[in-house]
Amino acid sequence: MSVDTATVARIAALARISLAPGEAEAMVGELSGILAWVEQLGEVDVTGVEPMTAVIPNALRLRADVIDADPLTGGGIRDAVLANAPAAEHGFFGVPKVIE
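For what it's worth, our numbering labels the leading residue of the sequence shown as 585, then goes sequentially.
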């Protein structure tokens, strides 16, 4: 795909970038090179390649989601915590309305 100065000016306007009069001419070659590289990437055969989010395999380290009944180390103290709340509603902290 070839890019001309009108296309560069349109892209600059959409991106809200101000270009000096001579900069648009220099950007034509730059953007044409970038688009040629993207087209070259499209020619690569990726059938059978699984999408990935990182170059190394990552796995989340999860812990068991259990509530410890010991009041010193875990849960089971909801009523004691809510006793300190200025307003408690239905077992949760009551907070003032933010959006009107």
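Built from N, CA and C at the ideal position, the CB exists for glycine as well.
As the structure is a computational prediction, the values presented were derived from the model and not from experiment.
Item, Value
"Residue environment, valine 530, which counts as buried when at least 16 other CB atoms sit within 10 Å", "The structure shown has nothing for residue 530, since the chain only spans 585 to 684."
"Every unbroken alpha helix (DSSP H) inside the segment 598-633 [4 residues or more]", "607-626"
"Residues that DSSP places opposite isoleucine 673 in a beta bridge", "Here residue 673 is glutamate; the residue named in the question, isoleucine, does not match the sequence. Partner(s): Phe676."
"Rounded straight-line distance, which links the Cα of leucine 666 to that of proline 635", "46 Å"
"Between the CA atoms of isoleucine 661 and glycine 675 - distance to the nearest angstrom", "11 Å"
"Under the three-state DSSP convention, the category valine 592 falls into", "helix"
"CB of leucine 619 within 8 Å of CB of valine 587, strictly", "yes"
"Element boundaries [alpha helix (DSSP H), containing valine 665]", "662-666"
"Distance CB(phenylalanine 677)-CB(alanine 664) smaller than 8 Å", "no"
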